[in-house]
Each structure stands twice: as structure tokens, then as C-alpha cells.
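A quick write-up on the structure given underneath.
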Amino acid sequence: MSELERGMVAIIQVFHNYSGQKCKLKKAELKELINNEMSTFIKHPPTIISLIFNEHFNFTNGDLEIDFKEFITLIAMVTSACQELFKKARRHSQQLTKKKT
């Protein structure tokens with residue numbers, strides 16, 4: 001299996017570890033999953049997951065539960081936001097390096 005495929009399997013397994021047989025995560029279960037499985041992203045930066053999490057729940061079906069499709073959308077949004085931050089940090093680092101030379 002490729003690294004990407006292993007990552008996809010890991011996401012599926014984590015979802016099912018927290019959702020169990022019902023294949024949906026309640027809001028409290030999702031918060032627990034985020035605290036346990038995404039603790040680094042909660043700290044750096046602390047607002048991204050919170051903003052996305054709150055925005056995401058405004059678009060759910062109103063039952064404060066999310067299915068796998070909604071969960072993977074949330075993961076994609078967080079991943080995209082983090083990638084943008086990594087890009088900015090890299091550019092900033094490159095600019096600092098250029099100034100030193």
C-alpha cells in the first residue's frame with residue numbers, strides 16, 4: 001500500500017473507532033476525536049479547527065451528528081487550511097533566508 005492509501009485507511013479506521021456501529025459521530029464524539037487524534041493541529045494554530053468545526057456544523061442536517069461523508073469533508077477542510085499555513089510559513093522562512101544572504 002502507498003503512503004496515501006495507508007493515510008486513507010487510517011482516516012476510515014479512526015472514524016469507525018469513534019463512531020462504532022452507528023457510523024455517525026455525535027458532536028461530543030467528534031470533539032473527543034479531534035482532541036485525541038488532532039491535538040497538534042488544535043494547538044497550531046488554535047483557531048483553525050474551531051472555526052471549521054463551528055462552520056461545518058452550521059451546514060449539517062441539524063441533528064448534530066455527522067456521517068463519514070461529512071467527516072471526510074471536515075478533514076479535507078482542516079488539511080487544506082493547514083497546507084495554506086505551511087505554505088505561508090515556508091515562504092516566510094525563505095524570505096528570511098534571502099535577507100541573511
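Sequence positions in the sequence shown follow the UniProt record's numbering and run 1 to 101.
Using N, Cα and C, we set each Cβ at its ideal position, and we do this for glycine too.
Q: Compare the beta carbon distance of Phe-41 and Val-78 with 8 Å and say whether it is the shorter of the two.
A: Yes, the pair counts as a contact, with Cβ atoms nearer than the cut-off.
Q: Using the Cα positions of Lys-99 and Phe-86, report the straight-line distance between them to the nearest angstrom.
A: So the alpha carbons of these two residues sit roughly 20 Å apart.
Q. CA-CA distance, Lys-26 and Leu-64?
A. 6 Å
Q) By Cβ distance below 7 Å, which residues in the same chain neighbour Phe-71 in space, the five residues on each side in sequence not counted? A) Phe-15 and Leu-25
**Q.** Residues that Lys-26 bridges to, as DSSP identifies them
**A.** Glu-65
Q: Specify the secondary structure class of Ser-2 as computed by DSSP and reduced to three states.
A: coil
Q) Given Glu-32, which residues of its chain have a CB within under 8 Å of its CB, disregarding the five upstream and five downstream residues? A) Tyr-18
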